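Undergrad: Under our numbering, the letters of the sequence shown match residues 5 to 439, in that order.
For glycine and all other residues, C-beta sits at the position ideal for the given N, C-alpha and C.
Predicted model only: the values in this text are computed from it and were never measured.
This structure is in structure tokens; I'll ask about it shortly.
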Amino acid sequence: MREIRVGLAGLGHVGSAAASLLHRTAEGFVRRFGARLTLHAVCDASPAKARGLGLPRGVRVERDWRRLTADPAVDIVVELIGGQDPAKRLVLEAFAAGKDVVTANKALLSRQWPEVVGAAQAAGRRLAFEGSVCAGIPIIGSLARSLAPNGIRQILGILNGTTNFILSRMTCDRCPAGAALREARRLGLAERDPRLDLDGSDSAHKLSVLASVVLGRWLDPARVGRAGIESVGLDDALFAVEELGRTVRLLGLARFEDGPEGPTVEARVCPTLVPLRHPLAAVHDAYNAVMLETSEAKDLMFYGLGAGAGPAASAVVGDLWLLAEARLGGRAAPPLLWAREGRVAVRKPEDCLGRFYLRFQASDRPGVLGRIAQALGRQGVSIAHVHQRSRSGSARTVPVVLVTHAAPEGRVRRAIEAVAGRDGVSRRVALMRLL
Ligand code: HSE
């Protein structure tokens, strides 16, 4: 019976779950394809992690990832180390050695897209990365294959499980953000460096991967407008529900337009106030959701667990089956990647229109609200409504919330800069978009 051999690097939460799932589904693979897909070797800087995983006998355990790329018996390398280095060297060396690669590394893919994709194409090898975005939700395969005849007009979604978990706990249980983050880490949802979740980087990486799949060109995540949830307080989350009939979600948006010179993209990640009746408001905890606007299939919504070892392992092993099937058939896997020449024009975030929620902490004395309103007025930003709560207890400041009419983001930010940290207005201002 033919055998396809896998070398898996990285035995963290996802790597361990993927190794176990590969083993548990081995018989199913044989039944379906009449061939074996076996775990040949695993590798981790702490090889002791392999103990207790119940790996089949005979699986080699290595400390050095080079032992996987240099092993001619390995057909497919799975990169689950995360981060940039040595993950990038592992992937490039695997392609150079004639192996196919599965990765769930959104930070690597999004930041090194041209080099990684270029290396796969130059070597004539395959790269699969379903696990890099929204874990178990099959969004990449859907965009790249099932929806290929469509023009994709917009991607809008909750792309990070950790921040959604935190925002849900804040809104539903009045749990402070810090305690909710600790719980998310304990559940294995957060990145090793959770700042990547909180500051919107992880969502921007995922949006960049999705947009690059749609465009066939690289959307550099550095060009995605990005704001995280650090300035969103418990008060904001509760105020939004109680007074505005909305809830806070960290949304990623990519809107695609065809222009004479090629595609133009509006791309950003920011905390957004979503009406309570909107489907994204019903996405709680570590769940993710992606809404697509497409030319033929029209509106679609994908929903599922966007973080956690089990869902990510499902995507990784699904990719392994896909690449193994292609190897057995001696044909190319259905392409996840198609590359077009040329640059993507990205709209500057400051030019993008939106309605905004601004929360200032201000001294409760004459003229302070006037100065804030004046700063917005000077930038041509019109105020739709204002809320000021009365002072509670010994607090020296009161929250002042303003909601604007549609305005370019740059003008709203300039108005904030003009007043924040001066004359009775605190330095930190919570800024969110309204959907
Ligand atoms: N930290 C990520 C999240 C893990 O919370 O979504 C899945 O990519």
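Tell me, please, which residues DSSP counts as bridged to Glu7.
TA: Answer by DSSP bridge pairing, in chain order: Arg40.
Undergrad: Can you tell me whether Gly87 sits near ligand 1, meaning its C-beta is under 7 Å from at least one heavy atom of the ligand?
TA: No, the beta carbon of Gly87 sits no closer than 7 Å to any heavy atom of ligand 1.
Undergrad: In angstroms, rounded to a whole number, what distance separates the CA positions of Val287 and Arg375?
TA: Those two C-alpha atoms are separated by around 38 Å.
Undergrad: Measuring alpha carbon to alpha carbon, tell me which of Asp48, Arg36, Leu160 and Ala330 ends up nearest Gly19.
TA: Closest by alpha carbon: Asp48.
Undergrad: To the nearest angstrom, how far is the alpha carbon of Leu219 from that of Ile143?
TA: Rounded to the nearest angstrom, the two C-alpha atoms are 15 Å apart.
Undergrad: For Leu193, which residues from the same chain have a beta carbon less than 7 Å from its beta carbon, with the 5 sequence-adjacent residues on both sides left out?
TA: Around Leu193: Gly165, Thr166, Phe169, Ala290, Ala311 and Gly312.
Undergrad: Could you tell me which residues DSSP puts in a beta bridge with Asn292?
TA: Asn292 pairs with Gly308.
Undergrad: Going by DSSP in three states, His17 sits in which element: helix, strand or coil?
TA: Residue state, collapsed to three classes: helix.
Undergrad: Return helix, strand or coil for Cys179, following the three-state DSSP convention.
TA: Note: Cys179 maps to coil in three-state DSSP.
Undergrad: If contacts are defined as beta-carbon pairs under 8 Å, then Ala388 and Val407 qualify, I think. What distance do you get, rounded to the angstrom?
TA: About 5 Å; that satisfies the 8 Å criterion.
Undergrad: What residues are listed by DSSP as bridge partners for Thr466?
TA: Since the first residue of the chain shown is 5 and the last is 439, residue 466 is not available in this structure.
Undergrad: Could you tell me the alpha carbon to alpha carbon distance between Thr401 and Ala271, rounded to whole angstroms?
TA: If I take the Cα positions, the gap works out to 35 Å.
Undergrad: Suppose the cutoff is 6 Å on Cβ atoms and the five residues either side in sequence are ignored; what does the same chain contact list for Arg67 look like?
TA: Within the same chain, Arg67 has close Cβ partners Pro51.
Undergrad: Just grab the DSSP bridge partners of Gln392 for me.
TA: Looking at the DSSP assignment, Gln392 forms a beta bridge with Val404.
Undergrad: When burial is assigned at 16 or more other CB atoms within 10 Å of the CB, is His409 buried or exposed?
TA: By the 10 Å Cβ count, His409 comes out exposed.
Undergrad: Kindly examine ligand 1 and report whether one of its heavy atoms sits closer than 7 Å to the Cβ of Asp323.
TA: Asp323: no, Cβ never under 7 Å from ligand 1.
Undergrad: Within the continuous alpha helix (DSSP H) that includes Thr107, where are the two ends?
TA: Run containing Thr107: none in the alpha helix (DSSP H); it sits in the beta strand (DSSP E), Asp104 to Thr107.
Undergrad: Using only the heavy atoms of ligand 1, determine whether one of them is closer than 7 Å to the beta carbon of Asp206.
TA: Checking every heavy atom of ligand 1 against the Cβ of Asp206, one is found closer than 7 Å.
Undergrad: Measuring CA to CA, which of Glu421, Leu304 and Glu83 is closest to Ala13?
TA: Per the Cα distances, Glu83.
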